[in-house]
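See structure below.
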Amino acid sequence: DTEVTQTPKHLVMGMTNKKSLKCEQHMGHRAMYWYKQKAKKPPELMFVYSYEKLSINESVPSRFSPECPNSSLLNLHLHALQPEDSALYLCASSQDGEKTQYFGPGTRLLVL
Amino acid sequence: GQSLEQPSEVTAVEGAIVQINCTYQTSGFYGLSWYQQHDGGAPTFLSYNALDGLEETGRFSSFLSRSDSYGYLLLQELQMKDSASYFCAVRASTGRRALTFGSGTRLQVQP
Chain A
34 DTEVTQTPKH
44 LVMGMTNKKS
54 LKCEQHMGHR
64 AMYWYKQKAK
74 KPPELMFVYS
84 YEKLSINESV
94 PSRFSPECPN
104 SSLLNLHLHA
114 LQPEDSALYL
124 CASSQDGEKT
134 QYFGPGTRLL
144 VL
Chain B
4 GQSLEQPSEV
14 TAVEGAIVQI
24 NCTYQTSGFY
34 GLSWYQQHDG
44 GAPTFLSYNA
54 LDGLEETGRF
64 SSFLSRSDSY
74 GYLLLQELQM
84 KDSASYFCAV
94 RASTGRRALT
104 FGSGTRLQVQ
114 P
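Chains as they are written, first to last, in my numbering: chain A, 34 to 145; chain B, 4 to 114.
Have a look at this one:
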């Protein structure tokens, strides 16, 4: 199983809402990532978890809050987002030192 | 810091060969990866080079020259389904276990 799953596929939220994005992998990978991707741009790293501990936070605003409940799950909690946060949010996992990352299909987020 | 440069767009016809170049500047270097992303889809891993030379995987090959901080992705026998964006990426430094992606090259394959 080389699949990373993400839910929901699409999300529309208002600026006062609280929502969560979920990511799951069952490949035994110990590193998991959140990326943000705007149209026609590369994925932009947000957070890295290594062995369930946050190892990289790319100075992401606190309205984005990651959580890694266990080695297979990664959440991204969203609160008080801005319209400019509308983007595709991608989750990825890796085992081999980032040589190969497996991406989920993403959550397309629209903030109104 | 790290930076990667790729051409923004490349157009080619079915059956042709196309080369997408990537130059990088990093404080350290572990290897160069290539990812493909179709519109509306997720990036998928294509290839990885840690050492100088050519790696071949079917119709796709990837080349690295560490001394020139340069690599390329070669796509042969182009098919319409190869129309996508292609990103080079590096893991650039010790202790930073993450990839930095280039800005991407949009490949348009025409009939």
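Quick reminder that beta carbons are idealized off the backbone N, C-alpha and C, glycines included.
Under a CB-based cut-off of 8 Å, is B:Pro46 close to chain A?
At least one chain A Cβ lies under 8 Å of B:Pro46.
So, for A:Ser119: in the same chain, excluding its five sequence neighbours on each side, which residues have a beta-carbon less than 8 Å away from its beta-carbon?
So the list reads Leu142, Leu143, Val144, once near-sequence residues are dropped.
Does A:Met48 come out as helix, strand or coil in the three-state DSSP assignment?
Correct three-state label for A:Met48: coil.
Excluding the 5 residues flanking A:Lys71 on each side, which residues of the same chain have their C-beta closer than 7 Å to its C-beta?
Answer for A:Lys71: Ala120, listed in chain order.
From which residue to which residue does the beta strand (DSSP E) around B:Ile23 run?
Segment 21 to 28, the beta strand (DSSP E) holding B:Ile23.
Which residues of chain B have a Cβ atom closer than 7 Å to the Cβ of A:Thr133, listed in chain order?
Result: Phe48, Tyr51.
Need the endpoints of the beta strand (DSSP E) that B:Thr47 sits in, please.
Looking at the DSSP string, the run of the beta strand (DSSP E) that includes B:Thr47 is 47 to 52.
Let me check understanding here. Comparing Cα to Cα, which of B:Pro46, B:Gln40, B:Leu35, B:Ser106 lies closest to B:Asp55?
Nearest of B:Pro46, B:Gln40, B:Leu35, B:Ser106 to B:Asp55, Cα basis: B:Leu35.
With a floor of 4 residues, list each alpha helix (DSSP H) that falls wholly inside the stretch 87 to 127 of chain A, ordered by position along the chain.
Within the stretch 87 to 127 of chain A, no complete alpha helix (DSSP H) run reaches 4 residues.
CA-CA distance, B:Tyr73 and A:Glu57?
So the alpha carbons of these two residues sit roughly 35 Å apart.
Cα-Cα, which of A:Leu111, A:Ser105, A:Thr133, A:Asn103 is closest to A:Lys51?
When only C-alpha atoms are compared, the closest one is A:Leu111.
Starting from B:Arg100, find everything on chain A with Cβ-Cβ shorter than 9 Å and list it in chain order.
Here the neighbours are Ala64, Val81, Ser83, Ser88, Ile89, Ser127, Gly130, Glu131.
So, at 8 Å on beta carbons, what are the nonlocal neighbours of A:Thr133 in its own chain, with the 5 sequence-adjacent residues on each side left out?
So the list reads Ser127, once near-sequence residues are dropped.
Please state if the CB of A:Leu114 and the CB of A:Met46 are separated by a distance shorter than 8 Å.
Closer than 8 Å, so yes.
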